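Report on the structure given below.
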């Protein structure tokens, strides 16, 4: 039973897409969490819920509509936060609750809405198809290129924003690009672990990695490794145990975080 | 170097800077003094481009500005090394640090009397050490204008002397220096330095020595806590 998992095509797909999503969410994780924007992931997840709902009504592949709507929402959140001088968290709250409400109304007035709301909420890792894998791979490629190319800018943007302005390297376009890429990543994440749990894929990796107190670069590497490990382990054990993979990921992330925390405390004790 | 004309800053009904006009020439050292709430930090923010004045304008003729912030608001859990922090000051930054750049960082750490800190966590440094690291970051791209916000506040007395030595050395090489401070240390400041005493308006602007004899004797004490 523990080996025959690999003889199913849908399980292979699940491992591939799970790995891609785990890596890519962990890669952008430090730039969001250390920038005090953890709520952004949650907000965008709600927005992509609306995207999926509209997508299901309009076309066969709702993910395309979801990608579009989440990208628009990410720009909208940034705009509200900067122009209307509302603070960021509040801007996220406004956009996300509004889109969630609209999504629920659409579902209630559309007869024969044939996708279970539960799968939007908690994901459907085992029903991914080759299209999902292609989209996620492309997204992973773009994200890696973006982070590698603008690494130093992104670092300064989380460490000391003022200094970017002073050194006249401030680029609003890069800010928007980061938040748009995050939005797209979250849409793919919603498909895998669902709208309710996707923010955990963004938040946990950085929380785990910061326990080790390393350089920023090493923190990103630890973040990716931890995320990948917890995803693969979770997919592997959830199927034979017949529990949802999405919830298992969250729990295994929490277990790793606890382990890392204990490690930090013990290390601090022995060094003294 | 800096040409400020009729600068006024209002936050709602509160006038923080009231019609300020002054010039700073290339190669000068200007200490900005004034009581709390006198608009010192606001003035610096305008010079640095972090804040727009309500009216008036500032022209700055500088290729590269270095800035030492007062207290950096870094999350105490932010994972980064001293080397990474300093590196973010370089004009040209690469994904992987160049050997020559690492050597420059090490040389500066030596100069600031904090060698061997390259790989240390920034969040684990003392206040004085942090300030020195941030000063290196401000200086590493060889700015022609250096803006310091309370640079000596967190420095230990022994390093204070070294700090002024480095400042004068840089100034001799042509760097213009603007220094906000509460405690102007007369041991290290001479008549070549200028003082701009600010209290929403410019109350004094001229040589330190004139300030000493003229202004302080009128009963205005410039040491404010």
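Chains as they are written, first to last, in the working numbering: chain C, 1094 to 1365; chain D, 2 to 226.
Here a beta-carbon is modelled for each residue, glycine too, at the ideal position from N, C-alpha and C.
Nothing here was measured: the structure is a model prediction, and the numbers come from that model.
{"Check": "Could you tell me which chain D residues have their CB closer than 8 Å to the CB of residue 1259 of chain C, listed as they occur along the chain?", "Outcome": "49, 50, 51, 66, 68"}
{"Check": "Measuring only the C-alpha atoms, how far is residue 1 of chain D from residue 83 of chain D?", "Outcome": "Only positions 2 to 226 of chain D appear in this structure, which leaves residue 1 of chain D out of reach."}
{"Check": "Can you give me the C-alpha to C-alpha distance between residue 172 of chain D and residue 1245 of chain C, rounded to a whole angstrom?", "Outcome": "29 Å"}
{"Check": "Does any residue of chain C bring its CB to less than 8 Å from the CB of residue 170 of chain D?", "Outcome": "no"}
{"Check": "What is the rounded straight-line gap between the Cα of residue 1160 of chain C and the Cα of residue 71 of chain D?", "Outcome": "42 Å"}
{"Check": "Tell whether a beta-carbon distance below 8 Å holds between residue 1308 of chain C and residue 1349 of chain C.", "Outcome": "no"}
{"Check": "Residue 190 of chain D by DSSP, collapsed to three states: which one?", "Outcome": "coil"}
{"Check": "Give the straight-line distance between the Cα atoms of residue 1166 of chain C and residue 55 of chain D, rounded to the nearest whole angstrom.", "Outcome": "33 Å"}
{"Check": "Thinking residue 227 of chain D and residue 178 of chain D are a contact (beta carbons under 8 Å), I'd like their distance in whole angstroms, please.", "Outcome": "Any question about residue 227 of chain D goes unanswered here, given that chain D covers just 2 to 226."}
{"Check": "So, with DSSP's three-state summary, where would you put residue 82 of chain D?", "Outcome": "strand"}
{"Check": "Checking contacts by CB at 8 Å: is residue 79 of chain D closer than that to chain C?", "Outcome": "yes"}
{"Check": "Please identify the residue among C:1144, C:1117, C:1231 whose C-alpha is closest to the C-alpha of residue 1188 of chain C.", "Outcome": "C:1144"}
{"Check": "CA-CA distance, residue 1276 of chain C and residue 8 of chain D?", "Outcome": "42 Å"}
{"Check": "Can you tell me whether residue 1346 of chain C is helix, strand or coil according to DSSP?", "Outcome": "helix"}
{"Check": "Per DSSP, residue 5 of chain D forms a beta bridge with which residues?", "Outcome": "D:23, D:59"}
{"Check": "How do the segment 23-35 of chain D and the segment 199-213 of chain D stand: do at least 3 beta-carbon pairs fall below 8 Å, yes or no?", "Outcome": "yes"}
{"Check": "Using a C-beta cutoff of 8 Å, does residue 1237 of chain C count as contacting chain A?", "Outcome": "Protein chains C and D are contained in the structure displayed, whereas chain A is not."}
{"Check": "Contact criterion: CB-CB distance below 8 Å. Does residue 1127 of chain C meet it with respect to chain D?", "Outcome": "yes"}
{"Check": "Can you check the segment 1296-1361 of chain C for any alpha helix (DSSP H) of at least 4 residues that lies completely inside it and give the ranges in chain order?", "Outcome": "1309-1334"}
{"Check": "Please check if any C-beta of chain C sits within less than 8 Å of the C-beta of residue 82 of chain D.", "Outcome": "yes"}
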